[in-house]
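What follows is a set of notes on a single structure, which appears directly below.
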Amino acid sequence: MSVSILFVCLGNICRSPTAEGVFRHLAEEAGADVTCDSAGTSNWHVGGPPDGRAVAEARRRGIDLTGLRARQVTPEDFTRFDLIYGMDRSNIAKLEALRPAGNGTPVALFLSECRGPGPGEVPDPYYEDNFAAVFDMLSEASRGLLARLA
Ligand code: 4NP
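Residues in the sequence shown are numbered from 21 upward in steps of one, following my numbering.
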């Protein structure tokens, strides 16, 4: 049965759409039976495309993010998805506040899927402008997750 995964960050224009694009690309390459989506804890960019710097970095790595549009995470996402990943601890706290009573969907930091002791949180490239480093972190976590699901 297909596993469904939701990636969550603050704006849904930098980290989580990149995670969605990279994970989908690697999953297709691996022939894995998974589906994924992404969302933001804020409504700041709802309906908008990913940040141009995230689009450019992904394009440089052969991944097209241009079709993605930002949306805000909802309580219904806890029943629609099997696994939910936040990019930082603030994302996790906001997700836990949204969790419907009695729902047990696992919510974790995405970098917990990296091998070894990683940085824990994905830094926000919107402010830090480190899109290449963030892309690398999201690739490693995606590979780790795919290996665990295989
Ligand atoms: P993201 O980055 O959470 O990785 O999408 C951000 C995008 C936009 C803003 C902050 C972070 N913002 O302040 O608009």
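Every residue gets a Cβ at the ideal spot worked out from N, C-alpha and C, and that includes glycine.
> Starting from L88 and walking both ways along the alpha helix (DSSP H), at which residues does that stretch end?
Replying inline: DSSP places L88 in no alpha helix (DSSP H); its state is neither H nor E.
> Out of V127, E148, V66, which has the shortest C-alpha to C-alpha gap to L26?
Replying inline: For the options V127, E148, V66, the alpha carbon positioned closest to that of L26 is the one of V127.
> Would G136 be called buried (16 or more neighbouring beta carbons within 10 Å of its own) or exposed?
Replying inline: Label assigned to G136: exposed.
>> Looking at the ligand 4NP, does it come within less than 7 Å of G60, judged from the CB to the closest heavy atom?
In response: Yes, since a heavy atom of the ligand 4NP falls inside the 7 Å radius drawn around the Cβ of G60.
> Can you tell which of F101, P145, T94, L85 has the C-alpha that lies nearest to the C-alpha of D108?
Replying inline: Taking only the C-alpha atoms, the option nearest D108 is P145.
> Comparing alpha-carbon positions, which option in A52, A50, C56 lies nearest T38?
Replying inline: Closest by alpha carbon: C56.
> If you scan the region 99-166 from start to end, which runs of the alpha helix (DSSP H) of 4 or more residues do you find wholly inside it?
Replying inline: Counting only runs of 4 or more, we get 109-118, 145-148.
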